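Visitor:
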Amino acid sequence: MIQPNKSLTFTFNGESFGAIPGQTIAAALLQAGRSTLRTTRFNDEPRSIFCGIGICWDCVVTVNGVSNQRSCLIEVSDGMVVKS
Amino acid sequence: MIAIIGAGPAGLAAAVTAAKKGEKVILIDSSTRLGGQYWRHLPSNWNQKRLPYFAEAQELFDQVLSSPLITWYSNAHVWQAEKKNKIFYLYVLKNGVEEVITAKKVILATGAYDRTLPFPGWTSPGVMTPGAAQAMLKTHGVLVGKKIVIAGTGPFLLPVATGLASAGAEIVALLEANKPWRWILNVHGLLLNPSKIREGIYYLKKLRSLGISIQYGSTVTSFEAGIAKIGEKKISCDVVAVGWGFVPELSLAGILGAKLKVEKDGTVVIDVNQNQETSIQGLFAAGESTGIGGSVLAIAEGEIAAGKGNRLTRWRAQVFAKGLQRVYPVSSRWLSSLNSEVTLCRCEEVRVSDIHSAIVELGAQDGRSAKLLTRAGMGLCQGRVCGRNVSEVVASQLSREVPDQERIASASRPLAGPISLGELGDGLGKKF
Amino acid sequence: MSANTNFDAIVIGAGIVGASSALALTNAGLRVLVLDRGAVASGTTGAGEGNILVSDKEPGPELTLALRSRDLWFELREDVGDSFELEAKGGVVVSRGDDRQLKEFAEKQRFAGVDVRVVGDEELHELEPHLTPEVHSGILYPQDAQCQPMLAAAQFLRIVRQRGGEIRTSANVTNIFSAMGKVTGIETSVGKFSTPIVVNATGTWAGDIAKLAGTFLPIAPRKGFILVTAPMPQIINHKVYDSDYVANVASGEADLQTSTVVEGTRSGTILIGASRERIGFDGSMNIDVLRRLAAQATSLFPILRDVQLLRAYRGFRPYAPDHLPVIGEDSLISGLWHSAGHEGAGIGLAPGSARLIADQIIGAEPFMDPTPFSPGRFQAGAA
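Chains as they are written, first to last, in this note's numbering: chain A, 1028 to 1111; chain B, 11 to 442; chain C, 198 to 580.
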């Protein structure tokens, strides 16, 4: 399989990452070796993807200022600012 | 016009069947690609060689895309629905804008998601469902880890294992909780569906060629700091992909008032008649939401729901599906493997000990009270992941069975999908 | 479960009003049994926001009750423990246009003993930084408070149990017995019990219980929806509402009324209300109401536009025709006490109502004249 180039760039907590057009935020981060997406609000536990299909909402991040966005569903767009 | 919600096997089959009958179809799906969960695939420009079973999927995709009668409404989330005077109103969010789609006939083909059971360490990064590993690989070409343990039960574990291994992951263990002798209980299912025998042999051969052996009768009992425990044995891994069958997604059915029923194994499904029609006239359902059964059954049901399908094919597939419940049961043993620290509700971080306190100190006598008092099930996923598990933990602590009504209530929720307050309020001025 | 079926008092209803009544009676030395046909807080209490307000009440008996009840909430925290998210977060009422009416109303409340602080534009936006710049003045009510009502009811009942009382859930009351105009006991799906005192704390269903005893209470449901958002870091510091809230609470119209009420919770979700409809017990979803509530909330707090709606739920507030609660002894059957019809103020008024009843039962001087709440005002042949 030949993967197209990572032609898109986005930031996650200030760090820059590349993504292939069509990749979700979670997929791009996972491919770059970044597993932990956030920590929980009561007990500060690290969370990553769990169901991967938008059911469990464990993978939520803030995208361009909008909170509680499921990173396993949202496709990366160029210049996207993602935060835990 | 017919509105079909869900573009997996059932929805696609229904759409194509309806179009062949000359009916206009709007096919609403939340993804940007056709195929639902079952037929996840990479974008076509990735030059990926398609697997043999994908030909059927590709044909349905092509038919949907080429038919002038079918409108594919992609990236569209149905958050609410109602029926007024024989017409269904589907409130759909697409790109932050809300629209209403009206139809006299609606087919729900909203599919299912992996069923999960809690265990010590299951909330750690690295623990996920087989569906998550599959989705990452099939849709994005991303391997979720290098050393993967696959566990749980069900035939789905096999393609997940072969897929991940073919892509270069090391499957350090493939654990099927149920023993293979149980296939005796589905001999008639196999005889009626010989393709399933071929499929099974295909995967077993593939596993052997990849050097993966299946360990029967065991499962992961904990995961911490890269170590998965399988009973007393410890295995080093970076991913544990564990799933226990599937749970139908029923929110829209509940919202529209369709009668739900509880199967023998506790799964809640939509009650449909021979024509795949629900208790609400004009509302049909096909695929996993009427009972977990795989793509062949889903396609047959989709075609019948659209008005022209093969009931014999459906029946044969149903026999196999029902038989699978006997081959891959989920026992209640997981309840006794919990300790008080295990998280039950991931979203609200509610632990077994919190549920215990709600019962013992605060007098909760049923699942609903325990959930209200602890916030279990009140978080972002609205009980999709934990609902059944919390009910069963409460019932077990009270030495009772979970009443059917409680199971059905857990499968129902007031919103089928998320909507922001801005999007919601903006709909006020519109004439829907 | 003890074998002794004699109790000093039986409270029917394990919502916040019943739980408060049971606790007050238990603390007064009585052996109390609490019954509910469902689970604890499975009625209106389970659909409440947890409001403990003085700000929305005009001077009169209800405000007097509310002021005392509010303080009792904090006394209860001392007794029961800090286990129901009680918070003196304060309320801010804003007016969008002419604020004279609001200020006049607030003056009258101040005169009646409410802590009222008029705030100007700058201070208002310091109190609530995310409030729309289109609002320029408001009134701060530091006494307004918040709790988690289901936890409160459950915790009160835990203490009742600890101090010798009993709770039976899933227990249906089928009969209330009296002899010569005095309560003698009740019959339920879990057995018969004798008692000289029955407290009817069944809220929206209080009329049904009254009928069982052979008396009458005109309590009807007023439906309301609440929106719950996804959990957020705190962006709203007080309960914030517009002055329409007050007008709607007091009105008797049947048609849908909505006003804006927005507040955060300890768990991070934001609750948005408020709607009022008199359509009986029709519990069906009303998308239009949800839209109205959302639009109102975002007009006060534009930042909420991007916040996800998690769920919406509805409840039935119990109200009496004159919009005052019914608290007191039945005029036809002595020993039968009612504490019901608190409409949207049940949580806030529960401890005060409980104290009023308990004091009268044990023969102590009630902290206020209970006559305005008397059940007799609806009962023919009352003195």
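Cβ coordinates follow ideal geometry from the N, Cα and C atoms, glycine included.
On a predicted model such as this, the values are computed, not experimentally measured, just so you know.
To the nearest angstrom, how far is the alpha carbon of G297(B) from that of S305(B)?
Guide: Here residue 297(B) refers to the residue found at position 287 when the second sequence is read from its first residue. Here residue 305(B) refers to the residue found at position 295 when the second sequence is read from its first residue. Their Cα atoms are separated by approximately 8 Å.
Visitor: Taking CB distances under 7 Å as the criterion, tell me whether N1070(A) reaches chain B.
Guide: One-based indexing of the first sequence puts residue 1070(A) at position 43. At least one chain B Cβ lies under 7 Å of N1070(A).
Visitor: Does the Cβ-Cβ distance between C1086(A) and A1053(A) come in under 7 Å?
Guide: Residue numbering aside, residue 1086(A) sits at position 59 when the first sequence is read from its first letter. Residue numbering aside, residue 1053(A) sits at position 26 when the first sequence is read from its first letter. In contact: C1086(A) and A1053(A) (Cβ atoms closer than 7 Å).
Visitor: Any Cβ of chain A within less than 7 Å of the Cβ of D276(C)?
Guide: As a first step, residue 276(C) must be located in the third sequence, where it is residue number 79. D276(C) does not count as touching chain A.
Visitor: Kindly say whether F1077(A), judged by its beta-carbon, lies nearer than 7 Å to any beta-carbon of chain B.
Guide: Working through the first sequence from its first residue, we reach residue 1077(A) at position 50. Yes, F1077(A) counts as interfacial toward chain B.
Visitor: In chain order, what residues of the same chain have a beta carbon less than 7 Å from the beta carbon of D248(B), not counting five sequence neighbours either side?
Guide: The sequence position of residue 248(B) within the second sequence is 238, counting from 1. The residues are G136, G155, K156, K157 and G236.
Visitor: Whole angstroms is fine: what's the gap from E255(C)'s alpha carbon to E304(C)'s?
Guide: Locating residue 255(C) in the third sequence gives position 58, where the first residue counts as 1. Locating residue 304(C) in the third sequence gives position 107, where the first residue counts as 1. Using only the alpha carbons, I get a separation of about 10 Å.
Visitor: Mind listing the chain B neighbours of I476(C)? Cutoff is C-beta to C-beta under 7 Å, in chain order.
Guide: Taking the first residue of the third sequence as position 1, residue 476(C) is located at position 279. Result: empty, since nearest Cβ-Cβ is about 16 Å, beyond 7 Å.
Visitor: Using beta carbons (cut-off 7 Å, strictly below), is N1095(A) in contact with chain C?
Guide: Numbered from 1 along the first sequence, position 68 holds the residue referred to as residue 1095(A). Chain C, which has a Cβ nearer than 7 Å to the Cβ of N1095(A), makes this yes.
Visitor: Excluding sequence positions up to five away, which residues of its chain have a Cβ less than 6 Å from the Cβ of M138(B)?
Guide: Start at 1 with the first residue of the second sequence, and residue 138(B) comes out as number 128. Excluding residues within five positions, the ones whose Cβ falls inside 6 Å are A251.
Visitor: DSSP three-state call for P53(B): helix, strand or coil?
Guide: As a position in the second sequence, residue 53(B) is number 43, starting the count at 1. Three-state result, P53(B): coil.
Visitor: In angstroms with no decimal places, state the Cα-to-Cα distance between A580(C) and M388(B).
Guide: Against the third sequence, residue 580(C) aligns to sequence position 383. Against the second sequence, residue 388(B) aligns to sequence position 378. For A580(C), the pLDDT reaches just 44, beneath the cut-off of 50, and the residue's location in the model is therefore unreliable, although a value from the coordinates is still provided. C-alpha separation (whole angstroms): 49 Å.
Visitor: List the residues that DSSP assigns as beta-bridge partners of G470(C).
Guide: Position 273 of the third sequence, counted from the first residue, corresponds to residue 470(C). DSSP lists V458(C) as partners of G470(C).
Visitor: Which value, in whole angstroms, describes the spacing of the CA atoms of V159(B) and F129(B)?
Guide: In the second sequence, residue 159(B) corresponds to position 149, counting from 1. In the second sequence, residue 129(B) corresponds to position 119, counting from 1. Roughly 15 Å between the two C-alpha positions.
Visitor: Answer with yes or no whether the minimum CB distance from M429(C) to chain B is below 7 Å.
Guide: Here residue 429(C) refers to the residue found at position 232 of the third sequence. It does not; no Cβ of chain B falls within 7 Å.
Visitor: Three Cβ pairs or more, each shorter than 8 Å: is that satisfied between the stretch 299 to 317 of chain B and the stretch 111 to 122 of chain B?
Guide: With the cut-off at 8 Å, the stretch 299 to 317 of chain B and the stretch 111 to 122 of chain B touch.
Visitor: What residue from V278(B), C355(B) and L334(B) has the CA that sits closest to A263(B)'s CA?
Guide: Residue numbering aside, residue 263(B) sits at position 253 when the second sequence is read from its first letter. Here the closest residue by C-alpha is V278(B).
Visitor: Hey, which unbroken runs of the alpha helix (DSSP H) at 4 residues or more fall wholly within the stretch 228 to 316 of chain C?
Guide: List check, alpha helix (DSSP H) in window: 258 to 277 and 297 to 308.
Visitor: Using a Cβ-Cβ cut-off of less than 7 Å, list which residues of the stretch 113 to 129 of chain B approach chain A; keep chain order.
Guide: The residues in question are Y123 and D124.
Visitor: Hey, is D503(C)'s beta-carbon within less than 7 Å of any beta-carbon in chain A?
Guide: Within the third sequence, the letter at position 306 stands for residue 503(C). Closer than 7 Å: yes.
Visitor: Fully enclosed by the stretch 132 to 169 of chain B, which beta strand (DSSP E) runs are 3 residues long or longer?
Guide: Here the runs fully enclosed are 157 to 163.
Visitor: Is D566(C) helix, strand or coil by DSSP?
Guide: By one-based count along the third sequence, residue 566(C) stands at place 369. Correct three-state label for D566(C): coil.
Visitor: What is the rounded straight-line gap between the Cα of K150(B) and the Cα of A1055(A)?
Guide: Position 140 of the second sequence, counting from 1, holds the residue named residue 150(B). Position 28 of the first sequence, counting from 1, holds the residue named residue 1055(A). The question names Lys, but residue 150(B) in the sequence shown is His. In a straight line, the C-alpha of H150(B) is about 8 Å away from that of A1055(A).
Visitor: Helix, strand or coil for A251(B)? Go by DSSP, reduced to three states.
Guide: Indexing the second sequence from 1 puts residue 251(B) at position 241. Note: A251(B) maps to strand in three-state DSSP.
Visitor: Classify A579(C) as helix, strand or coil using the three-state DSSP reduction.
Guide: Looking up residue 579(C) in the third sequence gives position 382. Residue confidence is low: A579(C) scores 48 on pLDDT, short of 50, so the model does not pin down where it sits. Its coordinate-derived value is still stated next. It is coil, neither helix nor strand.
Visitor: Nearest to L1100(A) by CA position, among L434(B), S41(B), G253(B) and Q90(B), is which residue?
Guide: Counting from one through the first sequence, the residue named residue 1100(A) turns up at place 73. Checked all of L434(B), S41(B), G253(B) and Q90(B); the closest Cα to L1100(A) is S41(B).
Visitor: Tell me whether the beta-carbon of I429(B) lies closer than 7 Å to the beta-carbon of L501(C).
Guide: Indexing the second sequence from 1 puts residue 429(B) at position 419. Indexing the third sequence from 1 puts residue 501(C) at position 304. No, the Cβ-Cβ distance between I429(B) and L501(C) is not below 7 Å.
Visitor: DSSP on P1073(A), reduced to helix/strand/coil?
Guide: On the first sequence, residue 1073(A) is found 46 positions in, with the first residue counted as 1. Reduced to three states, the DSSP call for P1073(A) is strand.
Visitor: Check the Cβ of G465(C) against every Cβ in chain D and list those closer than 7 Å, keeping chain order.
Guide: In the structure shown, chain D cannot be found, because the protein chains are A, B and C.
Visitor: Consult DSSP for A398(C) and reduce its assignment to one of helix, strand or coil.
Guide: Numbered from its first residue, the third sequence carries residue 398(C) at position 201. If DSSP states are grouped into helix, strand and coil, A398(C) belongs with coil.
Visitor: Check whether the Cβ of T163(B) lies closer than 7 Å to any Cβ atom in chain A.
Guide: Counting from one through the second sequence, the residue named residue 163(B) turns up at place 153. Output row for T163(B): interface = no.
Visitor: Is S420(B) helix, strand or coil when you go by DSSP?
Guide: By 1-based counting over the second sequence, the position of residue 420(B) is 410. Residue state, collapsed to three classes: helix.
Visitor: Counting only beta-carbon atoms, is A1054(A) nearer than 7 Å to chain B?
Guide: As a first step, residue 1054(A) is located in the first sequence; it is residue number 27 there, counting from the start. It does; some Cβ of chain B falls within 7 Å.
Visitor: Scan the stretch 373 to 417 of chain B and note each continuous alpha helix (DSSP H) run of 4 residues or more that stays entirely inside, going in chain order.
Guide: Entirely contained in the stretch 373 to 417 of chain B, the alpha helix (DSSP H) runs reaching 4 residues are, in chain order, 377 to 384 and 397 to 407.
Visitor: Are the C-beta atoms of L1035(A) and some chain B residue less than 7 Å apart?
Guide: For the purposes of this step, residue 1035(A) is taken as residue 8 along the first sequence, with counting starting at 1. No - not a single Cβ of chain B is within 7 Å of the one on L1035(A).
Visitor: Does DSSP put F498(C) in a helix, in a strand, or in coil?
Guide: The residue you call residue 498(C) lines up with position 301 of the third sequence. Three-state DSSP puts F498(C) in coil, outside helix and strand.
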